[in-house]
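Trainee:
2 protein chains.
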Amino acid sequence: MSTSEKSSYHHGDLRATLLSTAMEMLEGGEPFSLRAIARQAGVSPTAPYRHFKDRDALESALAVEGFRDLLADLDGGRGLPASLPDLAEFAVAYVAFALRRPALFRVMFGKPCDDADDERIKAADALHELLADALDRVFPDADASALATAGWGLAHGLASLYLDGKLQAASGEEVANRVRGAFLAIASVGS
Amino acid sequence: MSTSEKSSYHHGDLRATLLSTAMEMLEGGEPFSLRAIARQAGVSPTAPYRHFKDRDALESALAVEGFRDLLADLDGGRGLPASLPDLAEFAVAYVAFALRRPALFRVMFGKPCDDADDERIKAADALHELLADALDRVFPDADASALATAGWGLAHGLASLYLDGKLQAASGEEVANRVRGAFLAIASVGS
DNA sequence: TACGGTATGTTTACGGTGCTAACAAAGCAT
DNA sequence: ATGCTTTGTTAGCACCGTAAACATACCGTA
């Protein structure tokens, strides 16, 4: 019950502290380096290496947090979608997450992530499965897998394009409307 | 007429040389730094700064090249699409470009590009217009703008997800099939 | 309770980066 | 020929990620 006491050596809870300060810097728009995190946490520049193999490992941990939060945003907010407009709201929430936490989103998606980070891969898979469930529920007759890929791709693409300034919109509300519009427009195309 | 002669000072054509060696390194999968480019070009580490304000400026120039190539891939290859399957092939070509030149694709899209780089913005806009034209031609009755956004978003999202390993496929052919599948699946949903 | 191993943090050091400032050489216009 | 401008060079700054050697505190066991 003395987690807040420090002996000034042996910080006591460095790993968690590093993660949370890293997340804060990420949200705050600061560039984020291992050294900066250590500095912020009041610890020596190489202390983080006792808890993370390298920068990638730290980023993976952050990405896992991000996936958890994104899932919560999508799922918790409104439950699984039951209609096409619900799906559009899913996409809106997805894009909103990306724009609200741009640096985190880039950490989550901006790299091959080829390292065999179990947790990270699991987190991304969970997202995919959630989407597949959702799509299957709305369009039970269609090829759920292809549709889930398409839906994810659409949402992710819009998120990326807005995030990187290739599509522009003044307000978050305008982005939401455009995303809704895109989602409904594409679904209204009866071959 | 002596562009290939050198006085050993005053390289003569450094800017172009820097761009091409940068592009080569990008395609070759090497990390790419200003200093590495200079090294490769046989010139001092800070010489590039006479031709590019900073790293971003060099990247912008590369991005412009990339957009030109991507447009050529989409347009030149098969002309403007006239049907939904043609559109799917557009998407396939888009994703293929991203997977064939991943580092370039990241340079083109992975950043806000908020600097007022005229050429770069123009290049991206040209892409958007091409897509809008294409979509309008295939679906003259629909909201061309919303559809173009949706189509671009879908293609771009699939490209990003495959590129960053969030979706996986063994071969390029498999990717192409999945992209086609996603495109057709989403279009076969009659609200 | 003393002890020794292990976990955690520190110091030092290396090579890399982007970038600036001061300097040098070549080209060009007068 | 002379001087301005362009283009290159060298030196140096602050930062980064990372490894190695060292120091300290914790924790289980004798």
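Respectively, the protein sequence lines represent chains W and B.
Note that the working numbering has the first sequence beginning at 1, numbered continuously upward.
Note that the working numbering has the second sequence beginning at 1001, numbered continuously upward.
Even glycine gets a Cβ: it sits at the ideal position worked out from N, Cα and C.
Taking DSSP as the reference, what is the three-state secondary structure of Arg101(W)?
Mentor: Walking along the first sequence from the start, residue 101(W) turns up at place 101. Coil.
Trainee: Name, please, each residue of chain B whose Cβ falls closer than 7 Å to the Cβ of His156(W).
Mentor: As a first step, residue 156(W) must be located in the first sequence, where it is residue number 156. Result: Gly1157, Ser1160 and Leu1161.
Trainee: Rounded to a whole number of angstroms, what is the C-alpha to C-alpha distance between His1128(B) and Leu87(W)?
Mentor: Counting from 1 along the second sequence, the entry for residue 1128(B) is found at position 128. Counting from 1 along the first sequence, the entry for residue 87(W) is found at position 87. Their Cα atoms are separated by approximately 25 Å.
Trainee: When the distance is taken between beta carbons, is Val107(W) closer than 7 Å to Glu59(W)?
Mentor: Along the first sequence, one-based indexing puts residue 59(W) at 59. Along the first sequence, one-based indexing puts residue 107(W) at 107. The answer is yes: Cβ separation under 7 Å.
Trainee: Counting Cβ pairs closer than 8 Å, one from the region 1150 to 1157 of chain B and one from the region 145 to 160 of chain W, do we hit at least three?
Mentor: Yes, the region 1150 to 1157 of chain B touches the region 145 to 160 of chain W.
Trainee: Within 7 Å of any Cβ in chain B, is that where the Cβ of Lys122(W) sits?
Mentor: Counting from 1 along the first sequence, the entry for residue 122(W) is found at position 122. For Lys122(W), the answer is no, since every Cβ of chain B falls outside 7 Å of its Cβ.
Trainee: Can you list, in chain order, the stretches of the alpha helix (DSSP H) that have 4 or more residues and sit fully within the region 1105 to 1181 of chain B?
Mentor: Those alpha helix (DSSP H) runs which fall completely within the region 1105 to 1181 of chain B and span 4+ residues are 1118 to 1138 and 1144 to 1163.
Trainee: Helix, strand or coil: which one does DSSP assign to Pro1045(B)?
Mentor: Position 45 of the second sequence, counting from 1, holds the residue named residue 1045(B). Three-state DSSP puts Pro1045(B) in coil, outside helix and strand.
Trainee: Residues of chain W with CB closer than 7 Å to the CB of Pro1140(B), please, in chain order.
Mentor: One-based indexing of the second sequence puts residue 1140(B) at position 140. Residues of chain W passing the Cβ test: none, with the nearest at roughly 12 Å.
Trainee: Mind checking if Ala98(W) is an interface residue toward chain B, Cβ cutoff 7 Å exclusive?
Mentor: On the first sequence, position 98 is the one that residue 98(W) refers to. For Ala98(W), the answer is no, since every Cβ of chain B falls outside 7 Å of its Cβ.
Trainee: Under 7 Å, do Leu34(W) and Arg55(W) count as touching if we go by C-beta distance?
Mentor: If you number the first sequence from 1, residue 34(W) lands on position 34. If you number the first sequence from 1, residue 55(W) lands on position 55. In this structure, Arg55(W) lies closer than 7 Å to Leu34(W) by Cβ.
Trainee: Do Ala1134(B) and Leu1084(B) have their C-beta atoms within less than 7 Å of each other?
Mentor: In the second sequence, counting from the first residue as 1, residue 1134(B) sits at position 134. In the second sequence, counting from the first residue as 1, residue 1084(B) sits at position 84. Result no, Cβ atoms of Ala1134(B) and Leu1084(B) do not sit closer than 7 Å.
Trainee: Is the distance from the Cβ of His51(W) to the Cβ of Leu14(W) below 7 Å?
Mentor: In the first sequence, residue 51(W) corresponds to position 51, counting from 1. In the first sequence, residue 14(W) corresponds to position 14, counting from 1. Result yes, Cβ atoms of His51(W) and Leu14(W) sit closer than 7 Å.
Trainee: Does any residue of chain B bring its CB to less than 7 Å from the CB of Leu66(W)?
Mentor: Walking along the first sequence from the start, residue 66(W) turns up at place 66. A quick correction: the sequence has Gly, not Leu, at residue 66(W). No, Gly66(W) does not count as interfacial toward chain B.
Trainee: Under 9 Å between beta-carbons, which chain W residues line up against Lys1053(B)? List them in chain order, please.
Mentor: The count along the second sequence starts at 1 and reaches residue 1053(B) at position 53. Those within 9 Å of Lys1053(B) in chain W number zero; the least Cβ separation is about 19 Å.
Trainee: Which residues in chain B sit within 7 Å of Val189(W), going by Cβ to Cβ distance?
Mentor: As a working mapping, residue 189(W) is identified with position 189 in the first sequence. Ordered by position in chain B, the residues that pass the 7 Å Cβ test against Val189(W) are Phe1139, Ala1142 and Ala1187.
Trainee: Rounded to whole angstroms, how far is the Cβ of Ala182(W) from the Cβ of Val175(W), which I believe are closer than 8 Å?
Mentor: The residue given as residue 182(W) occupies position 182 in the first sequence. The residue given as residue 175(W) occupies position 175 in the first sequence. Ala182(W) to Val175(W), Cβ: 11 Å. No contact.
Trainee: Exposed or buried, Asp141(W), counting other C-beta atoms within 10 Å across all chains shown (16 or more means buried)?
Mentor: The residue you call residue 141(W) lines up with position 141 of the first sequence. Flag for Asp141(W) reads exposed.
Trainee: On the criterion of 16 or more Cβ atoms from any shown chain inside 10 Å, does Asp1118(B) qualify as buried, or is it exposed?
Mentor: In the second sequence, the residue the question calls residue 1118(B) occupies position 118. Exposed, since its Cβ has fewer than 16 Cβ neighbours within 10 Å.
Trainee: Would the beta-carbon of Leu104(W) fall within 7 Å of that of Gly66(W)?
Mentor: Along the first sequence, one-based indexing puts residue 104(W) at 104. Along the first sequence, one-based indexing puts residue 66(W) at 66. In this structure, Gly66(W) lies closer than 7 Å to Leu104(W) by Cβ.
Trainee: Is the beta carbon of Ala1126(B) sitting closer than 7 Å to the one on Asp1136(B)?
Mentor: In the second sequence, residue 1126(B) corresponds to position 126, counting from 1. In the second sequence, residue 1136(B) corresponds to position 136, counting from 1. No, the Cβ-Cβ distance between Ala1126(B) and Asp1136(B) is not below 7 Å.
Trainee: Does the beta carbon of Gly1029(B) sit closer than 7 Å to a beta carbon anywhere in chain W?
Mentor: Along the second sequence, one-based indexing puts residue 1029(B) at 29. No, no contact with chain W.
Trainee: So Ala1093(B) packs on Leu1163(B), CB below 8 Å; how close in whole Å?
Mentor: In the second sequence, residue 1093(B) corresponds to position 93, counting from 1. In the second sequence, residue 1163(B) corresponds to position 163, counting from 1. That pair is no contact at about 15 Å.
Trainee: Please confirm if Gly1079(B) has its CB atom under 7 Å from at least one CB of chain W.
Mentor: On the second sequence, residue 1079(B) is found 79 positions in, with the first residue counted as 1. No, because no Cβ of chain W sits closer than 7 Å to the Cβ of Gly1079(B).
Trainee: For Phe1032(B), does the three-state DSSP call read helix, strand or coil?
Mentor: Numbered from 1 along the second sequence, position 32 holds the residue referred to as residue 1032(B). If DSSP states are grouped into helix, strand and coil, Phe1032(B) belongs with coil.
Trainee: Could you name the residues of chain B that Ala182(W) contacts, counting a contact when the two beta carbons are closer than 7 Å?
Mentor: Counted from its first residue, the first sequence places residue 182(W) at position 182. By Cβ distance, chain B contributes Ala1146, Thr1149, Ala1150 and Gly1153.
Trainee: Give, in chain order, every unbroken run of the alpha helix (DSSP H) that is at least 4 residues long and sits entirely within the region 1047 to 1097 of chain B.
Mentor: Runs of the alpha helix (DSSP H) inside the region 1047 to 1097 of chain B: 1055 to 1071.
Trainee: Measuring CA to CA, which of Leu1018(B), Ser1160(B) and Arg1178(B) is closest to Arg1100(B)?
Mentor: Locating residue 1100(B) in the second sequence gives position 100, counting from the first residue. With distances taken between Cα atoms, Arg1100(B) lies closest to Ser1160(B).
Trainee: Buried or exposed: which applies to Arg1120(B), given that a residue is buried once 16 or more other Cβ atoms fall within 10 Å of its Cβ?
Mentor: Position 120 of the second sequence, counting from 1, holds the residue named residue 1120(B). Buried, because 16 or more other Cβ atoms sit within 10 Å of the Cβ of Arg1120(B).
Trainee: According to the neighbour-count rule (16 or more other Cβ atoms, all chains shown, within 10 Å of its Cβ), is Thr1046(B) buried or exposed?
Mentor: What you label residue 1046(B) is simply residue 46 of the second sequence in a count that begins at 1. Per the 10 Å Cβ criterion, exposed.
Trainee: Determine the chain B residues that contact Phe109(W) at a beta-carbon separation under 9 Å, and present them in chain order.
Mentor: The count along the first sequence starts at 1 and reaches residue 109(W) at position 109. Correct list: Ser1160, Leu1161, Asp1164 and Lys1166.
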